[in-house]
Each structure stands twice: as structure tokens, then as C-alpha cells.
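Count along the sequence shown starting at 1, add 1, and that's the number in our numbering.
Even glycine gets a Cβ: it sits at the ideal position worked out from N, Cα and C.
Working notes, beginning with the structure itself.
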Amino acid sequence: MNKFILLLLMSTIICGALFNGKVDANSHFQPRTIEESYLEIGYKSVGEALKDYKYHYKKELQLPLRVPPVVYTHVFARTIEGYRGDLFEMQFINEKSYGDNFLISVAPKDGFEILDKEVINEFKLKGGDTAYLLDYGRGIILIFEKDNLQYRFSIDKRILEKITPEILVQIANSIYY
Numbered sequence: 002m003n004k005f006i007l008l009l010l011m012s013t014i015i016c017g018a019l020f021n022g023k024v025d026a027n028s029h030f031q032p033r034t035i036e037e038s039y040l041e042i043g044y045k046s047v048g049e050a051l052k053d054y055k056y057h058y059k060k061e062l063q064l065p066l067r068v069p070p071v072v073y074t075h076v077f078a079r080t081i082e083g084y085r086g087d088l089f090e091m092q093f094i095n096e097k098s099y100g101d102n103f104l105i106s107v108a109p110k111d112g113f114e115i116l117d118k119e120v121i122n123e124f125k126l127k128g129g130d131t132a133y134l135l136d137y138g139r140g141i142i143l144i145f146e147k148d149n150l151q152y153r154f155s156i157d158k159r160i161l162e163k164i165t166p167e168i169l170v171q172i173a174n175s176i177y178y
């Protein structure tokens with residue numbers, strides 16, 4: 002019995018010396034940054050994405066001069082060719098509050114389907130175009146057409162107290178310059 006206790010004690014001391022009381026849980030793991038995550042799925046700087054758009058469509062894209070009255074930590078954009086049609090996306094992100102994100106999507110005219118049952122309001126824009134406010138469950142979308150393009154501004158409903166439909170219309174009107 003004494004030999005067993007002595008053997009157990011010796012193995013405990015040896016194991017303690019070998020492992021030093023530390024557990025190695027892959028100390029080389031580093032969480033991905035938001036930049037790495039977005040760059041991996043094709044987003045880039047707005048300037049680079051606009052160059053891609055101009056190369057693909059052979060024309061400039063007008064973006065709003067106004068942005069929502071919310072603090073954003075990042076702005077990414079991308080031009081998507083061929084996947085469910087062509088599309089330009091610009092994503093405003095607050096990495097501390099994901100519900101505060103704002104998405105601008107631009108596609109050729111009639112690129113986004115507008116279902117009457119989803120329309121909750123209509124607005125007249127500066128250029129005479131009509132903007133449709135849609136409710137799609139978790140979010141609100143403002144859709145309008147300008148220069149044979151269809152613009153879509155999307156927000157999460159959790160941010161409606163900061164970005165009202167009227168503010169979305171002001172942002173849309175800032176494209177008419």
C-alpha cells in the first residue's frame with residue numbers, strides 16, 4: 002500500500018513538473034477582426050468598390066451625400082457581378098452595436114421586387130420619383146429608382162428611433178445633386 006501511495010505521489014509531482022499547472026488551449030488562436038471578415042467575403046474600401054462599379058458598368062454611381070445620424074466604425078463596399086444579378090453594396094457598421102448597421106444596395110432597375118403587401122408608406126423624392134417604405138419583418142427598406150437604377154436602404158427595426166423613415170427619405174433626396 003505504501004508503494005502505491007509513493008508511486009501516486011511521484012507521478013503527481015512528475016506530472017506537475019511537466020505541465021507546470023498550465024493548460025495550453027491553442028495560444029496561437031486570434032479572433033478575426035471585422036476588417037478581415039468583411040474583406041474575405043469581397044468587401045473593400047468604398048473607393049475601390051466604386052472603381053469596380055465604374056469598370057463594370059462604364060458609368061459613375063451616385064451615392065447619397067447624407068448618412069444616418071449614427072456613429073459608424075467601418076464602411077465597406079463591394080460590387081457583385083452575376084450572383085442573382087449585378088449589385089453594388091455599401092455597408093455602414095458599428096462594431097459595438099450590430100443593430101445600428103445601415104446598408105445601401107444598388108441594382109439595375111427592377112432589381113428588387115416590391116410586393117404590395119410589404120409597402121407601408123410612399124414618399125415623393127426631389128426628382129419626382131416615388132420611394133416605397135417596406136416592412137420585411139426584422140427590418141425596414143426604402144426603395145426608389147433613379148437613372149435606371151434601383152436603390153435600397155435597409156435598416157434593422159431596433160434602430161428606428163435613430164433612423165426614422167423621414168431620415169431615410171432625406172438620405173435618398175441627397176442623391177439628387
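- Taking the CA atoms as reference points, G83 sits about 11 Å from F89.
- As the crow flies, the alpha-carbon of E37 is around 32 Å from that of Q171.
- Looking at the DSSP output, H75 bridges to I94.
- Burial of D101 is indicated by the presence of at least 16 other C-beta atoms within 10 angstroms of its C-beta.
- Boundaries for E123: no alpha helix (DSSP H) harbours it, while the beta strand (DSSP E) harbouring it runs V120 to K125, taken from the DSSP string.
- Taking the Cβ atoms as the reference, Q63 lies roughly 5 Å from I176, within the contact range of under 8 Å.
- The distance from the Cβ of E41 to that of H75 is about 14 Å, inconsistent with a contact at the 8 Å cut-off.
- Selection F124, G129 and Y137 evaluated against E114 yields Y137 as nearest (Cα-Cα).
- Per DSSP, the continuous beta strand (DSSP E) segment holding D136 begins and ends at T131 to D136.
- Under the three-state reduction of DSSP, G140 is assigned to strand.
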